[in-house]
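Chains as they are written, first to last, in this note's numbering: chain V, 1075 to 1837; chain F, 378 to 669. Each residue gets a CB set at the ideal place from its N, CA and C atoms; glycine is no exception. Working notes for the structure below.
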Amino acid sequence: MTMTPAKVPRELDSPLDGGVGESRRRPDGTLKVTGEFAYSSDLWLEGMLWGVTLRSPHPRARIRSIDVSEALAHPGVEAVLTHEDVPGFKFYGLEHKDQPVLAIDQVRYQGEPVALVAADHPEVARRAAAKIKVDYEVLTPITDARRAAFDPDCEKVHEDGNVVRHQPVIFGGDVAEARAGADVIVSETFEVGIQDQAFLGPESGLAVPGEDGGVDLYVATQWMHSDLWQIAPCLGLPEEKVRMTMAGVGGAFGGREDLSMQIHAAMLAMRTGKPVKIVYNREESFFGHVHRHPARMRYEYGATRDGKLVFAEAEIILDGGAYASSTPNVVGNAASLGVGPYKIPSIRVDAYGVYTNNPPCGAMRGFGAVQACFAYESMMDRMAAALGLDPVTFRQINAAHPGDALATGQVLEHMAPLAEMLGRLKAMPMPPERDAAGHDLRELPGGVSNTTHGEGVRRGVGYGVGIKNICFSEGFDDYSTARVRLSIIGGEPTVLVHTSAAEVGQGLVTLKAQIARSELGVRRVTIAPADNQVGSAGSSSASRQSYMTGGAVKVACEAVRERMFKLFEERLGRPPASLAEAVEHLPEVLGDEVIDETREFHHHRTERMDPVTGQANSHTQLAICVHRAVVDVDVELGLVKVVELAAVQDVGKIMNPLSLEGQIHGGTAQGLGLALMEEIVVADGKVRNPSFTDYLIPTILDMPPMRLDILEYADPRAPYGLRGAGEPPTLSSTPAIVAAIRDASGLALTRVPVRPEHIAGSS
Amino acid sequence: MEFLRPTSWGEALAAKADAPGAVPIAGGTDVMVELNFDKHRPEALLDLNRVGELATWSEEEDGRLRVGAAVPYARIIGELGGRLPGLAMAARTVGSPQIRNRGTVGGNLGAASPAGDSHPPLLAADAEIEVESAARGTRMIPAGEFYTGVKRSALAPDELIRAFHVRPAEGPQQFSKIGTRNAMVIAVCSFGLALHPSDQRIGTGIGSAAPTPRRAFEAEEYAAGELDWAGRSPLDERVARRFGELAARAAAPIDDVRGTAEYRLHALSVMARRTLTWAWKDYLNGGATACA
Ligand SMILES: Cc1cc2nc3c(=O)[nH]c(=O)nc-3n(C[C@H](O)[C@H](O)[C@H](O)COP(=O)(O)OP(=O)(O)OC[C@H]3O[C@@H](n4cnc5c(N)ncnc54)[C@H](O)[C@@H]3O)c2cc1C
């Protein structure tokens, strides 16, 4: 038996009532707010070693040699490993296995892992790592994504070329012809900076060597099985010898879809025969996970004088940095959702994902749809202004409705009509005018920094619409598995729900219990810690876990219920009159027996995008959120106070009002961050602000109160008719806020985050 | 790393004399960040939290306030806000409530970051810093001479900061700071202003727009001459503007990750203009302080 570390998540007992549709507090909520929740950085095992990663200071360099001898001789050091020590396959990756576990002969981004050290104390390990001598031949980094994609003379980041994926989307009539028929044409180039997930719990975990030559891994991740499928080959182990347990996850937002310390800790543990813990510090964390792709997007739209769009053309370049990560799918989203939920007769989109020596980019809340949304919504405002139309009216005229096709030809089904959502949004009451006499600095741009008492402050209003795919797309079968066990404990029927799904803060632990309670009529529900002793649950991303793992728990519960009813009939000679009756008699009917059912849940099939036309029913489900932003801008100093954000979102079915509102608030805040402040600033391939001192995320004084209007247009294919809800608000809040700043300032503002100097007119 | 815990000022000075490499720690809100980021590995930490007198303040015979180096921002706001309004306004912008409970002006001076928020109001109010060493005793350093470079000060390796001395405001004071979010932000640039009606003079302080915090002398002289102290006539808009321009001219900012040099100059001119306007209005209304 291997030892069990301290600070591993335990079973969670949820409150004793509350089914689907009710607001219930999180079972881990009290632990989290009182500081008792065990996060992955808290993991502890007697006698464990500490692992440290030596990273490249250069964005691009050849490695002439690595000398570990001095580090190895450092007292307290138990292992120093390089790529030569990787026991199995030396590369991993979510979609392309292009990323070396440890750098081989070259580094492609600043912060790339080069070597590992395990020692009896973290400080010892750090000091030893500093003694590793890496002889670099520094090369000029390739940092211009557009050049990397199109200039044949540009050097290659990887041998197989710099374009990871090019996905065109061609819809309807010929764009050139449509252009000739347009009364008004507008064009613009937009930029989105690199946003970071900025989760608070740094990458961390513990690897414990097993007696069978395998390894027990305690890690905070978004998809345990995807980790496993990448880890096992690199360790040269069969999957069953890599036992994974989810440690407490301190936020994710996409940043834990890729591996970080998993293979590294396992390698050190297998080499030393001792448990090894790795915890990144805040600075290292900025290099330890992928970010949101920065984008450069050129758009051109044409419309008739009466406000109908006739064509849209877009070129979207997403800089994926040094390794592919999830770039191919980010490109798929940017392409398929590139012009948003609008009816446009002729569309041509070209989306490119590109390799450079910039920081690697991958999944982040909104996944490719965020970047495009900023561009297409800015274009909608541009065109409305060019036509002299109200921006909401113009959107309503061109809104795609159920029955209408998106750019990929996929027809919208079972969802709220966009025009109506916009109507409801516009009809929401406005916040009161700014009190010109009032002097509460917290209500003004700049806050208590006392930059204005009203001077230079102008109000603006803006709108944004966003459409996001829910669940994985393009033919992927991202099924989920749930195991549900019913037994009598202490005379009371008790349900245990066991999945491998990652609770990353979104509230899945709450929801699983609500579903079990509703389906089985039982009060006591326990949520087992997530591990890979049960099948894959897919990723906690793409707003999909309510749909997929919620669906899996539901079907597993249904199977349990069926057996419960059968047993009832066997023992009592008649079927139960109701679920309540079945539960009431359960103690006698079930006795010492246990009903234990495992089920998989698959969503309906989707198709790959046609490589030439992009046409396909590529998405499982689509979700729309619309935002209105009201801002006060100090146009002289370029400082912004977001006064209010209002949102209308269609969620199909409200499963838990409290946590749903939390998701919409949080998603909106993350979009606000992208609009106003969140950016990893990179120069010559190097990150200039890897700290929370200079990578700013919104505070309570930046995020205003929200008005929400939540709609329930059921999707009959989804469990309970629900629609994934976590990502859509992240899309539309950004363009709404920027539109409001434009309204206040009269400026074009084509780049996010908008910085004070962009508004103040000094650069 | 050694952890020295003197319980009196004398012990603290002796410890510092013995180990000039020991890093003093008051609130720790700078020191601990540097340690966590592995920026420094000092041989010893010199904990000042047991030296009770550093966390007290008093009124001196010369009419000035003597404020111990380790009085945290929260107490400056709560206990001295009325008499040191400019410093209190700056203190209100420092970090978060937690940081204001721990962080101190002494620490801000010790760190001597050009972005430290205490500096502009200390400069504008003609504060003096009381420093001491076991070997040479006490020196009084005017704020304007304290900052010698980016994160460098006139403090000698064997010296500690004991207090700062400053006259209670006899006229309106203002502080204004630019940040890219509305709270918990390091200054992109900042400006402090104090009116000294008895000698018909104004004081200024520029933050985060030069290698050191500094005064805008030309702007001070210009405004002092233009303002109608005795007649109390309203401020001419052109004077305010010119004052802003001159204030910006005193700065020497750089482009960095927090902002561009050009923006800093622009923002300084706006802040200087606005703060002078507010302060003068308060002066005309007979108020000593701003009502921010
Ligand atoms: C989250 C956060 C937000 C922050 N926001 C701001 C902000 O908005 N504005 C701002 O100006 N600062 C900010 N800071 C920085 C810091 O809080 C301030 O500089 C504060 O004034 C430091 O005071 P302290 O007592 O914590 O100093 P410490 O960290 O204890 O010390 C700071 C330096 O001063 C030295 N020192 C301390 N006391 C003495 C003494 N008596 N004699 C000699 N040297 C001494 C120390 O050796 C060290 O070099 C922030 C820090 C954090 C962590």
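With a Cβ-Cβ cutoff of 9 Å, do residue i and residue j count as a contact?
{"i": "R1702(V)", "j": "A1810(V)", "result": "yes"}
{"i": "V471(F)", "j": "D494(F)", "result": "yes"}
{"i": "I563(F)", "j": "A540(F)", "result": "no"}
{"i": "C1447(V)", "j": "T1808(V)", "result": "yes"}
{"i": "Y1429(V)", "j": "G1624(V)", "result": "no"}
{"i": "W1303(V)", "j": "E1313(V)", "result": "yes"}
{"i": "I579(F)", "j": "A601(F)", "result": "yes"}
{"i": "V1405(V)", "j": "L1560(V)", "result": "no"}
{"i": "A1721(V)", "j": "G1798(V)", "result": "no"}
{"i": "M466(F)", "j": "P498(F)", "result": "yes"}
{"i": "G1329(V)", "j": "F1273(V)", "result": "yes"}
{"i": "V1725(V)", "j": "L1823(V)", "result": "no"}
{"i": "P1802(V)", "j": "Q1723(V)", "result": "yes"}
Determine the closest residue to residue i out of the options, with distance taken between C-alpha atoms.
{"i": "M1320(V)", "options": "Q1336(V), W1303(V), M1298(V) and H1338(V)", "result": "M1298(V)"}
{"i": "A504(F)", "options": "L653(F), S510(F) and A546(F)", "result": "A546(F)"}
{"i": "M1371(V)", "options": "Q1744(V), A1398(V) and E1262(V)", "result": "E1262(V)"}
{"i": "G1162(V)", "options": "T1214(V), W1124(V) and A1306(V)", "result": "A1306(V)"}
{"i": "P1685(V)", "options": "T1623(V), E1548(V) and G1279(V)", "result": "E1548(V)"}
{"i": "I1541(V)", "options": "L1486(V), R1508(V), V1578(V) and T1555(V)", "result": "L1486(V)"}
{"i": "D1286(V)", "options": "L1653(V), M1344(V), L1775(V) and E1110(V)", "result": "M1344(V)"}
{"i": "R618(F)", "options": "G608(F), R609(F) and H643(F)", "result": "H643(F)"}
{"i": "P1827(V)", "options": "D1270(V), A1202(V), K1171(V) and W1124(V)", "result": "D1270(V)"}
{"i": "R1366(V)", "options": "I1268(V), R1673(V) and L1653(V)", "result": "I1268(V)"}
{"i": "A511(F)", "options": "K416(F), S385(F), P588(F) and R427(F)", "result": "S385(F)"}
{"i": "C1545(V)", "options": "A1510(V), Q1607(V), R1533(V) and S1613(V)", "result": "S1613(V)"}
{"i": "R1516(V)", "options": "I1774(V), E1831(V), D1116(V) and S1615(V)", "result": "I1774(V)"}
{"i": "L1570(V)", "options": "R1456(V), L1594(V), D1551(V) and I1352(V)", "result": "L1594(V)"}
{"i": "P1433(V)", "options": "G1579(V), S1300(V), G1185(V) and E1374(V)", "result": "G1185(V)"}
{"i": "S1819(V)", "options": "V1531(V), I1728(V) and V1629(V)", "result": "V1531(V)"}
Quick one: what's residue i bridged to in DSSP?
{"i": "E1387(V)", "result": "E1374(V) and R1422(V)"}
{"i": "I1178(V)", "result": "I1178(V) pairs with nothing; no bridge assigned."}
{"i": "N662(F)", "result": "In the DSSP output, where bridge partners are listed per residue, N662(F) has none listed."}
{"i": "I518(F)", "result": "I506(F)"}
{"i": "G608(F)", "result": "BP columns for G608(F) are empty, so no partner."}
{"i": "N1543(V)", "result": "L1696(V)"}
Quick one: give me the first and last residue of the beta strand (DSSP E) that residue i is part of.
{"i": "S1143(V)", "result": "Unbroken run through S1143(V) is the alpha helix (DSSP H), S1143 to A1147; no beta strand (DSSP E)."}
{"i": "M561(F)", "result": "Counting along the chain, M561(F) falls outside any beta strand (DSSP E), and DSSP gives it neither H nor E."}
{"i": "S1261(V)", "result": "V1258 to V1266"}
{"i": "A1153(V)", "result": "V1151 to L1155"}
{"i": "C1699(V)", "result": "Q1695 to D1708"}
{"i": "F1245(V)", "result": "V1237 to G1246"}
{"i": "A587(F)", "result": "From DSSP, A587(F) is part of no beta strand (DSSP E); its letter is neither H nor E."}
{"i": "E1211(V)", "result": "K1207 to V1212"}
{"i": "Y1769(V)", "result": "Element bounds for Y1769(V): n/a, residue is neither H nor E."}
For the alpha helix (DSSP H) holding residue i, just list the boundary residues, first then last.
{"i": "P1830(V)", "result": "P1830 to A1834"}
{"i": "Y450(F)", "result": "Y450 to L457"}
{"i": "Q1723(V)", "result": "Where Q1723(V) is concerned, there is no enclosing alpha helix (DSSP H), although the beta strand (DSSP E) it sits in stretches over L1713 to D1724."}
{"i": "Q1580(V)", "result": "Counting along the chain, Q1580(V) falls outside any alpha helix (DSSP H), and DSSP gives it neither H nor E."}
{"i": "V1623(V)", "result": "Note that residue 1623(V) corresponds to Thr in the displayed sequence, not to Val. Residues Q1619 to L1646."}
{"i": "A684(F)", "result": "It is not possible to answer for residue 684(F), since the shown part of chain F is limited to 378 through 669."}
{"i": "G404(F)", "result": "Counting along the chain, G404(F) falls outside any alpha helix (DSSP H), and DSSP gives it neither H nor E."}
{"i": "V1522(V)", "result": "First-last for V1522(V): undefined, no H or E at that position."}
Next item on the list: Report yes or no: do three or more beta-carbon pairs, one from the stretch 1382-1389 of chain V and one from the stretch 1154-1174 of chain V, lie closer than 8 Å?
Entry: Contact fails between the stretch 1382-1389 of chain V and the stretch 1154-1174 of chain V, because fewer than three Cβ pairs, one in each stretch, are under 8 Å apart.
Notebook entry, point to check: Three or more C-beta pairs closer than 8 Å, one from the stretch 1786-1800 of chain V and one from the stretch 568-585 of chain F: is that the case here?
Noted result: In short, these stretches do not touch, since the Cβ pair count stays below three.
Check: Are the stretch 1240-1248 of chain V and the stretch 1344-1364 of chain V touching by the rule of at least three beta carbon pairs closer than 8 Å?
Finding: Touching, no, given that fewer than three Cβ pairs across the two stretches are closer than 8 Å.
Notebook entry, point to check: Three or more C-beta pairs closer than 8 Å, one from the stretch 1712-1725 of chain V and one from the stretch 1737-1751 of chain V: is that the case here?
Noted result: At 8 Å Cβ cutoff, the stretches touch.
Margin query: Using 8 Å as the cut-off, can you tell me whether the stretch 1649-1665 of chain V makes contact with the stretch 1496-1503 of chain V, which would need three or more C-beta pairs spanning the two stretches below that distance?
Written below: In this structure the stretch 1649-1665 of chain V does not touch the stretch 1496-1503 of chain V; the number of beta carbon pairs closer than 8 Å is below three.
Item checked: Contact between the stretch 1502-1512 of chain V and the stretch 624-633 of chain F (3+ Cβ pairs under 8 Å) -> No, because fewer than three Cβ pairs between the stretch 1502-1512 of chain V and the stretch 624-633 of chain F fall closer than 8 Å, the two stretches do not touch.
Notebook entry, point to check: With a cut-off of 8 Å, do at least 3 Cβ pairs link the stretch 1330-1338 of chain V to the stretch 1113-1127 of chain V?
Noted result: When C-beta atoms of the stretch 1330-1338 of chain V are compared with those of the stretch 1113-1127 of chain V, three or more pairs fall below 8 Å, so the two segments count as touching.
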